[in-house]
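Inspection log for the structure reproduced underneath, given as structure tokens.
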Amino acid sequence: MIRVLPLLGQIFMRLKNNMKTNNLPNLWAVVLAAGRGSRMNATSKNKVAYEVNGVPMITRTISVLKNAGIENIVVVVGFAKESVLALLGEDIHTAEQKEQLGTGDAVRAALSTIPENAHHILVLNGDDSFLFSTDLFEELCQLHIRNDNAITFLSLDMPDPTGLGRVVRDEQGKVMKIVEEKDASETVKKITEINAACYIFNAKFLRESMPNLPKSSVTGEYYIVSLVDFASKKNAKIDVLHVKNYAWRGVNTVKELEEAEQLVDN
1 MIRVLPLLGQ
11 IFMRLKNNMK
21 TNNLPNLWAV
31 VLAAGRGSRM
41 NATSKNKVAY
51 EVNGVPMITR
61 TISVLKNAGI
71 ENIVVVVGFA
81 KESVLALLGE
91 DIHTAEQKEQ
101 LGTGDAVRAA
111 LSTIPENAHH
121 ILVLNGDDSF
131 LFSTDLFEEL
141 CQLHIRNDNA
151 ITFLSLDMPD
161 PTGLGRVVRD
171 EQGKVMKIVE
181 EKDASETVKK
191 ITEINAACYI
201 FNAKFLRESM
211 PNLPKSSVTG
221 EYYIVSLVDF
231 ASKKNAKIDV
241 LHVKNYAWRG
251 VNTVKELEEA
261 EQLVDN
């Protein structure tokens with residue numbers, strides 16, 4: 001059985017210790033914490049403020065980022081922002097997503113806070129990022145730097161991928177795009193390789209590409225995953241760290257929150 005390490009502490013401590021050797025200067029972390037969390041039936045509290053074994057999910061992520069020496073952290077707030085802001089220290093940068101227009105729009109809001117000299121931008125969800133292991137994240141970083149990628153992201157095999165974005169590949173296995181559940185056809189819904197919402201972007205590529213984000217014809221939202229499709233069409237470098245049989249889960253419902261509690265030690 002694969003043991004999932006609690007939090008991202010070990011992940012980012014290793015990143016700190018290898019910052020020079022990995023050639024990853026000016027890293028900014030963007031934590032997405034603006035979503036409504038409708039499947040949690042949230043009314044006055046943002047999903048990331050819910051506790052996992054007594055500690056709010058956003059607090060876990062922020063704590064390990066700071067312990068790793070990553071000082072440049074932007075939290076994107078939106079729905080029930082007061083419940084998130086109350087958990088943040090004064091040293092945390094914030095950006096507000098005024099309307100619920102998707103993850104792409106949330107990242108766009110964060111970019112207004114990040115200086116132009118940033119080299120790489122790590123984008124994480126505020127509700128599931130504590131479930132990645134040190135070795136897995138370190139391998140993702142090394143892959144991104146070694147191949148000088150525009151985008152590097154993590155994908156996992158999930159027996160039940162319901163609710164998660166599917167990774168669509170061509171016949172040669174090359175990644176073409178990520179399709180969100182809401183936009184997926186019945187054929188795409190059968191794909192079990194899912195996007196785990198852990199990305200590293202070349203900052204220059206990210207800034208230059210944001211104007212090209214399309215609006216979903218189904219939801220009217222802008223998805224950060226659309227940049228994978230855009231990069232593929234532009235022949236920009238994309239790499240995927242694809243991991244099988246990994247104990248991880250997205251946290252979108254109360255049941256999934258309870259399952260996540262079983263994957264952390266404290």
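Be aware that the sequence shown starts at 1, since it is given in this note's numbering, and climbs by one per residue. Ideal Cβ positions, reconstructed from N, Cα and C, are used throughout, including at glycine.
Item, Value
"By the three-class DSSP mapping on this structure, what secondary structure does Thr21 have?", "With a pLDDT of 35 at Thr21, under the threshold of 50, the predicted position of this residue should be treated as unreliable, and no value is reported."
"Would you kindly report the start and end of the unbroken beta strand (DSSP E) that includes Asp157?", "Ile151 to Asp157"
"Where do the N-terminal and C-terminal ends of the beta strand (DSSP E) with Val254 fall, by residue?", "First-last for Val254: Val254 to Glu261, but that is the alpha helix (DSSP H), not the beta strand (DSSP E)."
"Can you tell me the Cα-Cα spacing of Val251 and Asp183, whole angstroms?", "20 Å"
"Under 8 Å between the Cβ atoms of Ala196 and Leu257?", "no"
"Between the Cα of Leu32 and those of Ala86, Met57, Met210 and Asn149, spot the shortest distance and give me the residue it belongs to.", "Met57"
"Among Asp170, Gly126, Val76 and Asp148, which residue has its Cα nearest to the Cα of Ile114?", "Val76"
"Assign Asn212 to one of three DSSP states: helix, strand, or coil.", "helix"
"Any idea if Asn23 is buried or exposed, counting beta-carbon neighbours within 10 angstroms, 16 or more meaning buried?", "Confidence at Asn23 is low in this model, with a pLDDT of 44, below 50, so its placement is unreliable and the value that follows should be read with caution. Asn23 comes out exposed."
"Between Ile200 and Leu122, is the Cβ-Cβ spacing less than 8 Å?", "yes"
"Which full runs of the alpha helix (DSSP H) of 4+ residues lie inside the segment 50–93, going along the chain?", "57–67 and 81–85"
"Would you kindly report the start and end of the unbroken beta strand (DSSP E) that includes Val175?", "Val175 to Val179"
"If I measure Cβ to Cβ from Asn341 and keep anything under 6 Å in the same chain, skipping five residues before and after, which residues do I get?", "An answer regarding residue 341 cannot be provided, because it is not within the stretch 1 to 266 covered by the chain."
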